[in-house]
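J.: My structure is below; once you've seen it, I'll send some questions.
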Amino acid sequence: MKSLPCIRCTLGLLLLCTVDADSGRKPNFVFMMVDDLGIGDLGCYGNTTLRTPNIDRLALEEVKLTQHIAAAPLCTPSRAAFLTGRYPVRSGMAAHGRMGVFLFSASSGGLPQEEITFAEAVRGQGYSTAVIGKWHLGLNCEDSADHCHHPTSHGFDYFYGTIMTHLRDCQPGHGSVLHFVFGYIPYKAIIIGLVSLVLFHVKGIITVTRRVVFGVLILLGVVASLFGALVYTFPNLNCFVMRGTDIVEQPYTSENLTQRMTNEAIEFLDRNSERPFLLFFSFLQVHTGLFASPLFRGRSQHGLYGDAVMEVDWSVGQIMQTLERLNLKENTLVYMTSDQGPHLEEISIDGEMHGGYSGIYKAGKSTNWEGGIRIPGILRWSSVLPAGKVIDEPTSNMDIFPTVLNLAGASIPSDRVIDGHDLLPLLQGQVERSEHEFMFHYCNAQLNAVRWHPPNSNTVWKAFFFTPDFYPENSSTCFHTHICLCIKPYVTFHDPPLLYDLSKDPTESTPLSPDTEPKFYSVLEVIRAAVSRHAESLKPVPVQVSPLQIVWKPWLQPCCSSFSQLCTCERDHRVEKM
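Residue 52 is where the sequence shown starts when you use the working numbering, and the numbers rise one by one after that.
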C-alpha cells in the first residue's frame, strides 16, 4: 500500500479549492496520446525539419518535461499503466513470452475489471468521460457482446474509435503484420529437418512411406491455406470503428480518419462545456501502416511519416482552439505525450522509412534504452502552471493517475500499490525534485533495467540486467526480428549489470566500470536492494497477455453483419467537418 505525503495532499486540495473558488467548477482534463511518436519528432524537443507549431506552442506556453518516461516500451502495457497509475506487471498486462500486445480483436485478454482507471475515479465525482481513438486494451471475455474490457467498462461514458491498433493490414498496399509474426517460425530448422529426412530415407537409415509424404504435403497445404485465409480476412475482422459498443464501420477507411476523430473530440467538448469533463484523445497515427489525409499528404520533408505527424499537430491545434472558443482554457489541464518511443524498424513495402526519430537517445520502441521510453511530456493549464517551464526530473506517464484524482477530489485507492506520484507540486515549482527515486523498466514482464535518482543529487543512474541484441550489430535496431525482443536468444544478460550515468551520458554510449566509476559497486548494491523491495510489493495476478489470452477465438469475434459477408458494414454517416 502506498501512502501519500500530507503536504502533497494539502497542496492539491488548496489548489482545487482555489480553482473551484475562481471558476465555480472542478478542472477539466484533455489528454492527447500519439502512437509511436518519437521524442525527436517534435520541434520543441529539438527537431528542426518537421513542423509541429501547435504542439511547440503548447510547450512554449506551459511546462515541458524532458525526462518523462513511459512505464513500458510497448503500446498495450504502457497504456494500461497510464490509465491505472500502476506498472503493467501488477495488472497482468505484461507478457511473459514473445508477444507483448494484442493482435486480434477476438482475444479474451484485456485490462481487468478490478483495475481502477482515472476515468472511473473521476466519473464518480460527476465528470463526463470519453476516449476517442485507439484503445488496444481488450474487448470481450466470454462472448462477442459482453464487452468486459471495453472502454465503457472502465469508466468512459463515450467511446468512438478502434479497439485494436492501426496495423499494416488496415492500410491497403502496406502488407500484413502477420508476415512478421509468422517470420518467427524456424523455417530454416524445418527445412533442414525435411532435407535430413529425405537423405536418411535415400541412404536407407529410415523408411518414409508414401502415406507419410502425402500426409506432410497435405498438412503443409492446409497450413498455407489457413495462413492465406487469415491474411485475407484480417482487415475485416480487426480494423473496425465503434461508437459506444456498436460497430459503425468494418473494415474502416483510414482516409480522413484523424479528421473524423478530431470532429468527435470537438463535439464532445461542445456537449460537455458546462460540466466537468475528461477527454482522452488517443491518436491512431503515427503507428504503421501510415496514413495521412489528402490535405497533409506530401507536405513534409519526411515522407508519409512526416505528413502524419503534421496531421497530428493540426488536430492538437483544433482541440486547443475549441477550448479557447468555449472559454475553457483557464480551467483545463492539457497533457500531450506518446505511448512509447518510435518504431525504428518500420520500412514500407516500397522501402520508405516509416519509423520516427528518437533524437539523441538510443534505440526505440520495445526497448528500455532511452529512445524507447523517454517520451514527450507537455502540460498546460494557463491559470495554474508557469509558462515556459522546463523540468528535467524523472517523471512517468503513471503520474497522471494520482494527479487527476487529487485535482478531481477523488480518493487515491488504498487497497493497491499506486506507482505514480502527483505531478502538481513539481509542475508549479513548490518542490524541486521528483518523488521517483527509483523507476523500474520492464520489457514485458521481465525486469530489464532500473533508474535511480539519489536524494540530494543531480545524478541519474541506470542499470541494465540484459539488453537486446541489435541487428545490424553496429546499429540500435533489431531488423532481424522487426522489433527488439525480451527473450533468449535475442538478448544478452549482464553480470554485473551495465551501468550508465544519464546525467553525464544521456545517449547511453559508454557503460561505466569499476575503473571509471569509484561508486560502481555501491550504486549497484543500492539498486539491487531496491529491486528486492519492489519484488516484495508484487502480487501474483492472471496474465492477460499470455498465448492463451491473445490467440484468436471465433466466438469472441465482433461482427456487424455476418461471417459470410466478412463482417462488412458502413453505418457511420456523419458529415465530416474540414
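Note that CB positions come from ideal geometry on N, CA and C, so glycine has one too. The model shown is predicted, which means the values in this text are computed figures rather than measured ones.
Please go through the same chain and pick out, in chain order, the residues whose beta-carbon is closer than 6 Å to the beta-carbon of Gln497, but skip the five residues on each side of it.
T.: Cys537.
J.: To which residues of the same chain is Ala72 closer than 8 Å at the C-beta, ignoring the five residues directly before and after it?
T.: Annotation note: pLDDT 40 at Ala72 (below 50); position unreliable, coordinate value reported separately. Contacts found: none.
J.: Please return the same chain residues whose Cβ sits closer than 6 Å to the Cβ of Ser434, not counting the five positions on each side in sequence.
T.: Only Glu381 meet the Cβ criterion.
J.: If you follow the alpha helix (DSSP H) that Ile636 is in, where does it begin and where does it stop?
T.: Here the chain has residues from 52 to 629 only, and residue 636 is not among them.
J.: For Ser564, which beta-bridge partners are listed by DSSP?
T.: Note: Ser564 sits in no beta bridge, so no partner.
J.: On the criterion of 16 or more Cβ atoms from any shown chain inside 10 Å, does Asn98 qualify as buried, or is it exposed?
T.: With 16 or more Cβ atoms within 10 Å of its Cβ, Asn98 is classed as buried.
J.: Distance check for Arg294 and Tyr211, CA to CA, integer angstroms please.
T.: Taking the straight line joining both Cα atoms gives about 4 Å.
J.: Between Pro547, Val455, Asn525, Asp556, which has its C-alpha nearest Thr510's C-alpha?
T.: Nearest C-alpha to Thr510: Asp556.
J.: In its own chain, which residues sit with a C-beta less than 7 Å from the C-beta of Pro445, not counting the 5 before and 5 after it?
T.: Excluding positions up to five away in sequence, the list reads Gln118, Ile120, Ser485, His487, Met490, Arg502, His504, Val511.
J.: Starting from the C-beta of Pro464, find all residues in its chain whose C-beta is less than 7 Å away, skip the five residues before and the five after it, and write them out in chain order.
T.: Once the five neighbours on either side are set aside, the close Cβ partners of Pro464 are Ile167.
J.: Do Leu162 and Leu190 have their CB atoms nearer than 7 Å?
T.: No, they are not a contact pair.
J.: Between the Cα of Tyr493 and the Cα atoms of Ala586, Arg108, Ile469, which residue gives the shortest distance?
T.: Of Ala586, Arg108, Ile469, the residue nearest in Cα terms is Ala586.
J.: Considering only residues of the same chain and omitting the five flanking positions on each side of Ala343, which have a CB-CB separation below 7 Å?
T.: Here the set comprises Leu355, Asp358, Ala359, Glu362.
J.: Going along the chain, which residues of its own chain have a beta-carbon closer than 7 Å to the beta-carbon of Gly630, five neighbours each way excluded?
T.: Residue 630 cannot be examined here, being either before or after the span of the chain that is shown, 52 to 629.
J.: What does Arg294 pair with, by DSSP beta-bridge criteria?
T.: Paired residues: Tyr211, Asp297.
J.: Threshold first: 4 residues or longer. Then list the alpha helix (DSSP H) segments lying entirely within the region 106–164, N to C.
T.: Entirely contained in the region 106–164, the alpha helix (DSSP H) runs reaching 4 residues are, in chain order, 126–135, 139–142.
J.: Could you check the C-alpha separation between Leu270 and Arg262 for me, to the nearest Å?
T.: Cα-Cα distance, rounded: 12 Å.
J.: Measuring straight from C-alpha to C-alpha, what distance separates Asn378 and Met371?
T.: Cα-Cα distance, rounded: 11 Å.
J.: Return the chain-ordered list of same chain residues with a C-beta closer than 7 Å to the C-beta of Gln633, the five sequence neighbours on each side being excluded.
T.: Within the shown structure, residues of the chain are numbered from 52 to 629, placing residue 633 beyond reach of any answer.
J.: Using three-state DSSP, classify Thr532 as helix, strand or coil.
T.: Coil at Thr532, not helix or strand.
J.: What number of angstroms, rounded off, separates the C-alpha of Met629 from the C-alpha of His405?
T.: Residue confidence is low: Met629 scores 46 on pLDDT, short of 50, so the model does not pin down where it sits. No coordinate-derived value is stated.
J.: Could you tell me the boundaries of the beta strand (DSSP E) in which Thr418 lies?
T.: Where Thr418 is concerned, there is no enclosing beta strand (DSSP E), given that its DSSP letter is neither H nor E.
J.: Measuring CB atoms only, is the region 221–229 touching the region 394–405, in the sense that at least three cross pairs come out at less than 8 Å?
T.: These segments touch.
J.: So Gly428 and Asn105 are in contact, right, with Cβ under 8 Å, and what is the actual spacing, rounded?
T.: Their Cβ separation, rounded to whole angstroms, is 16 Å, which puts Gly428 and Asn105 out of contact at 8 Å.
J.: Out of Val582, Leu384, Thr558, Pro609, which has the shortest C-alpha to C-alpha gap to Met83?
T.: Among Val582, Leu384, Thr558, Pro609, the Cα nearest to that of Met83 belongs to Leu384.
J.: Taking DSSP as the reference, what is the three-state secondary structure of Tyr408?
T.: Of the three classes helix, strand and coil, the one that applies to Tyr408 here is coil, per DSSP.
J.: Taking a contact to mean a Cβ-Cβ separation below 7 Å, would you say Lys152 touches Cys192 in this structure?
T.: With the sequence shown as reference, residue 152 is identified as Val, and Lys is not the correct amino acid for it. Contact: no.
J.: Just list the residues that DSSP pairs His472 with in beta bridges.
T.: Paired residue(s): none; His472 is not in a bridge.
J.: At which residues does the beta strand (DSSP E) containing Thr383 begin and terminate?
T.: Run containing Thr383: 383–389, per the beta strand (DSSP E) assignment.
J.: Could you round the C-beta distance between Val173 and Leu329 to whole angstroms and report it? I think they count as a contact, below 8 Å.
T.: Indeed, because the Cβ distance is near 5 Å, the residues count as touching under 8 Å.
J.: Give every residue of the same chain whose Cβ lies closer than 7 Å to the Cβ of Thr135, excluding the five residues on either side of it in the sequence, and list them in chain order.
T.: If we look at Thr135 and ignore the five residues flanking it on each side, its Cβ neighbours are Ser142, Glu166, Ile167, Thr168, Phe452.
J.: What are the partner residues of Gln497, as DSSP defines its beta bridges?
T.: For Gln497, which the question treats as bridged, DSSP gives the partners Cys494.
J.: What are the partner residues of Ala181, as DSSP defines its beta bridges?
T.: Paired residue(s): Tyr209, Leu330.
J.: Decide if Leu374 is buried, meaning its Cβ has at least 16 other Cβ atoms within 10 Å, or exposed.
T.: With 16 or more Cβ atoms within 10 Å of its Cβ, Leu374 is classed as buried.
J.: Within 10 angstroms of the Cβ of Val292, are there 16 or more other Cβ atoms? Answer buried if so, exposed if not.
T.: Buried, because 16 or more other Cβ atoms sit within 10 Å of the Cβ of Val292.
J.: What does the alpha-carbon distance come out to for the pair Tyr138 and Met144?
T.: If you take the alpha carbons of Tyr138 and Met144, they lie about 9 Å apart.
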